[in-house]
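*Asks:* Here it is, the structure, as structure tokens.
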Amino acid sequence: MNIDRAREIIGSSNKIDVTYDGRSVWINSINPTNGKAFVKTLDGTNEHHQVSVSELVEQ
9 MNIDRAREII GSSNKIDVTY DGRSVWINSI NPTNGKAFVK TLDGTNEHHQ VSVSELVEQ
């Protein structure tokens, strides 16, 4: 995924499925300076991760 698409997803009123490492995640925010996204897992563990936006996959 690229930064622009991640921004669109964050701003969307629709639920858009995104995965990181095969796990469903919610994008909380992005840092365009370093290309990182702050995400929360949606599998019940509620883990928070900082990951490269390029590693996010829109389903």
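Residue numbers (the working numbering): 9 to 67. Beta carbons: idealized from backbone N, C-alpha and C, even for Gly.
So, at 7 Å on beta carbons, what are the nonlocal neighbours of TRP34 in its own chain, with the 5 sequence-adjacent residues on each side left out?
*Replies:* Correct list, in chain order: VAL47, LYS48 and LEU50.
*Asks:* Would you kindly check if the distance between the Cβ of VAL61 and the Cβ of ASN10 is under 8 Å?
*Replies:* Yes; because the gap between Cβ atoms is below 8 Å, this pair is in contact.
*Asks:* Just to check my reading of the structure: ILE18 and ILE38 have Cβ atoms closer than 8 Å, yes? What is that Cβ distance to the nearest angstrom?
*Replies:* Contact holds; Cβ gap of about 7 Å.
*Asks:* Grouping DSSP H, G and I as helix and E and B as strand, with all else coil, what is ILE11?
*Replies:* Correct three-state label for ILE11: helix.
*Asks:* Cα-Cα, which of GLY43, GLU16, GLY30 and GLY52 is closest to GLN67?
*Replies:* Answer by Cα proximity: GLY30.
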